[in-house]
Each structure stands twice: as structure tokens, then as C-alpha cells.
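Read through the structure below, which is laid out as C-alpha cells, and then see the notes.
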Amino acid sequence: MTFNVLNRKIHYWLGAAIALPLGVIIATGLLLQIKKQWSWVQPPEQKRAVEAPALALPAVLEIVRAVPHLGVTGWHDVDRVDVRPGKGIAKVILTSGWEAQLHLGTGEVLQTAYRRSDLIEAIHDGSFFGGDATKLGLFLPVALALFTLWLGGLWMWWVPFAAKRRRARIPAATAATGAR
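Residues 149 to 328 (this note's numbering) make up the sequence shown, in order.
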């Protein structure tokens, strides 16, 4: 079996084997690419002028606790606090998937919205489906298989291209030698 035939068989069967997980990776990757442009994926960042941040962490917890639909009872409900002094906001990302954006100077709640980008990212890298076992046991091999398909695809593109160039040179070479 020649290398070209083997390459095509590998391309065919490897492509079929990774089609579903690769489709998930592509779809979620596309959503992550446009997360800042589509508020359904990630809420848009508010911007406010602030001289210097005036909010302390205990105040942040009390402010989000006072918003009933967020359902915050304590720090265990908070995943992280992302402070953006240049934009004058603090993003409080909750374990429930909700996000509250607070004015760093006044503590005013500027926006609350459901944040889907973290869930989409967990699906994209495979950690959603079972942590590191799925991430490293399924999604990493799919990425390696995709890289193999990419290399094989480049080879399948190059072989006819190189052959066409070779065929185009042969008549020119014989015409040059025949004219002498």
C-alpha cells in the first residue's frame, strides 16, 4: 500500500471517528469567538468613570446579596470577583452562572445578566463532560487526530499540485531540447 493510499484511508476513518466531538469543539469555539459581540453568550461590560475604587470585598458581598433574583447567601455562591479599575466596574461572577456588574465608586448595580461563556468554555475544552478525564482522555486525542488530519489534508492538497507543476514543466523542457 502506497503512502498516498494509506494517508487517504487514515483521513477517511479518523475523520469519521472524531466527527461528533470535533463538531462540539467547532461550535463552542465559534461561540467563544463572538462572546464579546453577542450578549447572549457573555453580558457586555459596562463602563463608568471612577477616580479610585472605593468598594471593599465585604461591601461587594452585601450588594449582591441585596439583589433577590441572584440568590446569594454568602461567599460560597461567588465564583470570582473580576475588578476592572480602568473601566470602573467589578464583575461578580456567581456559581449559578449569573453575573453582577458593580460601579467601583458607588457600589451601584449596573447590570445583572446570565453569563453563558463559562459553560460554553467548559463544553469546548471537555471539562464539562467529566473533568480532566474527558478533557485529556477524549478531547486531547481528538485535537491530535485533527492535527493529523490537517497534515494529511495538506499532503493530499500538495501531491496533485506538485504533479500538475511537474507535468507543466515536462513539455517546456522537451520543447527546449527538441528545438536545439
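Even glycine gets a Cβ: it sits at the ideal position worked out from N, Cα and C.
All values derive from a computational prediction rather than experimental measurement.
Taking the alpha carbon of Trp246 as the reference point, which residue from Ile174, Pro192, Ala197, Ala202 has its own alpha carbon closest?
Pro192
From what residue to what residue does the beta strand (DSSP E) around Val220 run?
From DSSP, Val220 is part of no beta strand (DSSP E); its letter is neither H nor E.
Cut-off 8 Å between Cβ atoms - residues of its own chain near Gly301, not counting five sequence neighbours on either side
His159
Smallest Cα separation from Ala214: which of Trp161, Glu199, Glu256?
Nearest of Trp161, Glu199, Glu256 to Ala214, Cα basis: Glu256.
Completely contained beta strand (DSSP E) runs for the segment 167-245, where each covers 3 or more residues:
226-232, 237-242
Please go through the same chain and pick out, in chain order, the residues whose beta-carbon is closer than 7 Å to the beta-carbon of His272, but skip the five residues on each side of it.
Ile173, Thr176, Gly177, Leu180
Which full runs of the alpha helix (DSSP H) of 4+ residues lie inside the segment 278-302, going along the chain?
none
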